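Our numbering numbers the first residue of the sequence shown as 583 and each following residue consecutively. Written below as structure tokens is the structure these notes are about.
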Amino acid sequence: MKPKRWMRMLAIASVLALVVGACGGDDDDDDGAGGETPETEAPDDTSGGAGGDRGNVDGELVIGALLPESGDLSVIFDALSVPVDMAIEEINAAGGVNGQPVVRASADDGTSADVASTALDTLLESDRIDALVGPASSTTALGIIDKVRDAGVVQCSGSNTSAELTDADDDGFYFRTAPPDKFQGPALAQLVLSDGYSSPAIVTRNDSYGTGFGEALEQALTDSGAEVVINAAYDPNATDFQADVAAVVDAGPDAVILIGFNDDGAKVLNEMIAQGIGPSALPIYTADGMQSSSLGETVDASNPGVVAGIKGTAPAAAPGGVTHPFIEAYAATGNDTIFSSYYYDCTILIALAAQAAGTDDPEAIRDAMLEVAAEGETCQAYADCLALLEAGTDINYEGASGSVDLSDVGEPTSGVYDVWAYNADGSYANVEGAEQITISDEG
583 MKPKRWMRML AIASVLALVV GACGGDDDDD DGAGGETPET EAPDDTSGGA GGDRGNVDGE
643 LVIGALLPES GDLSVIFDAL SVPVDMAIEE INAAGGVNGQ PVVRASADDG TSADVASTAL
703 DTLLESDRID ALVGPASSTT ALGIIDKVRD AGVVQCSGSN TSAELTDADD DGFYFRTAPP
763 DKFQGPALAQ LVLSDGYSSP AIVTRNDSYG TGFGEALEQA LTDSGAEVVI NAAYDPNATD
823 FQADVAAVVD AGPDAVILIG FNDDGAKVLN EMIAQGIGPS ALPIYTADGM QSSSLGETVD
883 ASNPGVVAGI KGTAPAAAPG GVTHPFIEAY AATGNDTIFS SYYYDCTILI ALAAQAAGTD
943 DPEAIRDAML EVAAEGETCQ AYADCLALLE AGTDINYEGA SGSVDLSDVG EPTSGVYDVW
1003 AYNADGSYAN VEGAEQITIS DEG
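Put into structure tokens, the structure is as follows:
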């Protein structure tokens, strides 16, 4: 599949080079936060690539972090942002990329496509990024993917899981290290079934993450002989969830699987408790979107333990058999671990691709992303991988999240999931004795 991808990338690069030449580099002013570009002499750029049209191909790799400083996913901001910082510190301590330190630029994705789009304008035009990590949510990513593609910027998210992103029109610029929900749906179904429940209700937030997850979950449950008594989607922006929960009560499930984010999920849980189907009355299951040390306080600030007993799955923080220096170093920070390894890997992968390409030209980085994590000599630490590349050796980067060998559409071909649960104090931890669940394209 790799030769086909290279042929496709070369064809795209040729077309873009013709377009850039025909346009003469005249950009329309953005309506976003970047404002007008000062009239300065444009730097030399002979790359012909789409990314070079902003004057960003200058030898310095600039990575933009578009992460949720606000919005529903702000509770896991540190879990996503700190790993990016740690990766860049490691990269620069080893000598940077192509002899230059990597620069980080940051902006708030707001857990909103509108907020993220405006923030992206600043990253593109003011910061002149070459690559982007984030945004956090799949719906936000889908809302800006056209703008990222048209700007010719390499994008890698460590938390996007929606199936819709697999076939997104991205011209090969979009990558993700987090496994798609076509794997987590069956993993969560396996957990519910193994606990002995056969007629669950599925309740999801009505967006690409929630409904896509719900579809994969229902398919896996019914394929295993279970009866899904209701699969309903709720409006995450609503203020009243009485009717949504009443429909679940009427369906008479033996368990409820709730797929949401921290804030909206907490509101649904509050209504479930009010209608007598809370965690103390009925088994409740969830997934990564509601794995947060803040959920209990969001549901009931005076009694965070109200969420005790809720179980779920999440992409493994440290997949079985993987030993990587980042895992121990990050654990020492005391932050939530959700998707942390995956964001670290995104950042390292981008840097290695730029080093392998010998440039910060996003098109060249894009074309090298799959190659640095495929066939070659295995390495983990950036310094070791850098030394191999400088010696002319092909590398196979093995990440903190495990193997990051990606498919020809730039996503994992399997997923490894932790089984976790909320404790009596509202904290969460992996369930003692529970084995990680692995799901792959091979079955």
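Glycine residues also receive a C-beta, built at the ideal position from the N, C-alpha and C atoms. From a predicted model like this one, the values you see are computed outputs, not experimental measurements.
- Residue pairing by DSSP places S1022 opposite S996 in a beta bridge.
- Counting of Cβ neighbours within 10 angstroms places S652 among the exposed residues, the total staying below 16.
- Here E959 is bridged, per DSSP, to I977.
- Within the same chain, and ignoring the five residues on either side of K764 in sequence, the residues whose Cβ sits closer than 7 Å to its Cβ are A745, A798.
- Residue state for A856 is assigned as helix, using DSSP reduced to three classes.
- Excluding five sequence positions before and after T995, the CB atoms of its chain that fall closer than 7 Å to its own CB belong to S989, S1022, D1023, given in chain order.
- Bounds of the alpha helix (DSSP H) holding P944 are 944-950.
- Around the beta-carbon of G778, fewer than 16 other beta-carbon atoms lie within 10 Å, marking it exposed.
- By the neighbour-count criterion, in which 16 or more other beta carbons inside 10 Å mark a residue as buried, A675 falls on the exposed side.
- Here the stretch 856-868 lies against the stretch 888-900, with 3 or more beta-carbon pairs under 8 Å apart.
- Around the beta carbon of E959, a 10 Å sphere encloses fewer than 16 other beta carbons of the protein chains shown; the residue is thus reported as exposed.
- When Y816, S875, S884, S874 are compared, the shortest CA-CA separation from E853 is found for Y816.
- For S688, there is no enclosing alpha helix (DSSP H); the enclosing beta strand (DSSP E) covers residues 685-690.
- In the three-state DSSP reduction, V697 falls in the helix class (H, G or I).
- The three-state secondary structure of R787, taken from DSSP, is strand.
- The beta carbon of T1020 is closer than 6 Å to those of V998 in its chain, skipping five residues each way along the sequence.
- The DSSP-derived three-state label of I909 is helix.
- In terms of Cβ geometry, A695 and I726 form a close pair [threshold 9 Å].
- By the C-beta density criterion, A1006 is exposed, having fewer than 16 other C-beta atoms within 10 angstroms.
- By alpha-carbon distance to F757, the top candidate from S739, A900, S781, L702 is S739.
- Using a 10 angstroms sphere on the CB of S741, the tally of other CB atoms reaches 16 or more, which defines it as buried.
- The beta-bridge partner set that DSSP reports for I839 consists of I784, Y867.
- Scanning the stretch 712-752 for uninterrupted beta strand (DSSP E) segments of 3 residues or longer gives 713-715, 736-739, listed from N- to C-terminal end.
- Annotation for Y926: the continuous alpha helix (DSSP H) segment containing it runs 922-939.
- Boundaries of the alpha helix (DSSP H) harbouring Y964: 964-972, taken from the DSSP string.
- The residue among A936, N844, I930 with its C-alpha nearest the C-alpha of D654 is N844.
- Contact check for G734 against E910 fails: the beta carbons are separated by 9 Å or more.
- Under the three-state reduction of DSSP output, L643 falls in the coil class, being neither helix nor strand.
- Take the alpha-carbon of N638 and the one of P901: they are about 37 Å apart.
- For H906, the closest alpha carbon among the candidates S862, I855, Y979, V715 is that of Y979.
- P768 sits in a helix when the DSSP states are folded into three classes.
- Secondary structure of P886 (DSSP, three-state): helix.
- If you draw a straight line from the Cα of D942 to the Cα of A936, it is about 6 Å long.
- Nearest to Q801 by alpha-carbon distance, out of V827, L770, T821, A825, is L770.
- Beta-bridge pairing by DSSP links K893 to Y867, A1003.
- Taking C-beta atoms under 8 Å as the contact rule, S923 and A982 qualify, at a distance of about 4 Å.
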